[in-house]
Amino acid sequence: MRSDADGAWRIVEDDLSGASIRALLEVHFAGMLANSPAGSCHFLDFDGLRAGDVTFWSIHKGDELAGCGALKRLDTTHGEIKSMRTAEAFLRQGVAARMLGHIIDKARARSFERLSLETGSGAAFEPALALYRAHGFIDCEPFADYKSDPFSRFMTYTL
3 MRSDADGAWR IVEDDLSGAS IRALLEVHFA GMLANSPAGS CHFLDFDGLR
53 AGDVTFWSIH KGDELAGCGA LKRLDTTHGE IKSMRTAEAF LRQGVAARML
103 GHIIDKARAR SFERLSLETG SGAAFEPALA LYRAHGFIDC EPFADYKSDP
153 FSRFMTYTL
């Protein structure tokens, strides 16, 4: 578990069984589908997020769910960020940056050399792209099983 010095924020490994995390992920799924064609949406569903190569976390402020994120192992040196989402009540409060820092820390602890992600390309995705750029991610070619798609942006970060 990662907590800030003031103890208000905490990040926990989550089994996706709680109603609040399931509701947040439903919002995430709907948001992806509302902003990209279905064939260009690459989010993991509930079963995908429970797969053995994925670790899923939720972030809380006090007792309230503030967001989530996941790390998928692609191979022994490469991980992928999945399912980053901030609850609407916590937008612009640093939730995504905290979760991204946590995922980067976990990727380093697993001796990954590279961390990559796929996200959308439209205006709705600009805040996420700005966050990733601010943390050193750069544009890259499609990785893993992804194909070039005008609705997708690919980024990577060398650890």
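Residues 3 to 161 in the working numbering are what the sequence shown spells out, letter by letter. Even for Gly, the Cβ is constructed at its ideal location relative to N, Cα and C. Computed from a predicted model, the values in this text were never measured in an experiment.
As assigned by DSSP and simplified to three states, the class of residue i
i      : result
Tyr134 : helix
Asp107 : helix
Leu18  : coil
Phe153 : coil
Leu119 : strand
Arg100 : helix
Spatial neighbours of residue i in its chain, beta-carbon cut-off 8 Å, leaving aside the 5 residues before and after
i      : result
Tyr148 : His44, Glu120, Ser154 and Phe156
Arg110 : Leu161
Thr79  : Ser113, Phe114, Glu115 and Arg116
Buried or exposed by the 16-neighbour rule on C-beta atoms within 10 Å, applied to residue i
i      : result
Gly168 : Missing from the structure shown is residue 168; the chain here goes from 3 to 161 and no further.
Glu15  : exposed
Glu90  : exposed
Leu26  : buried
Ala166 : Past the edges of the chain, shown from 3 to 161, lies residue 166, and the structure says nothing about it.
Same chain, Cβ closer than 6 Å to residue i, neighbours up to 5 away in sequence not counted
i      : result
Tyr159 : Leu117, Gly138 and Phe139
Lys63  : Ala10 and Trp11
Taking only runs of the beta strand (DSSP E) that begin and end inside the region 20–92, which ones reach a length of at least 3 residues, in chain order? 56–63, 66–75 and 80–88
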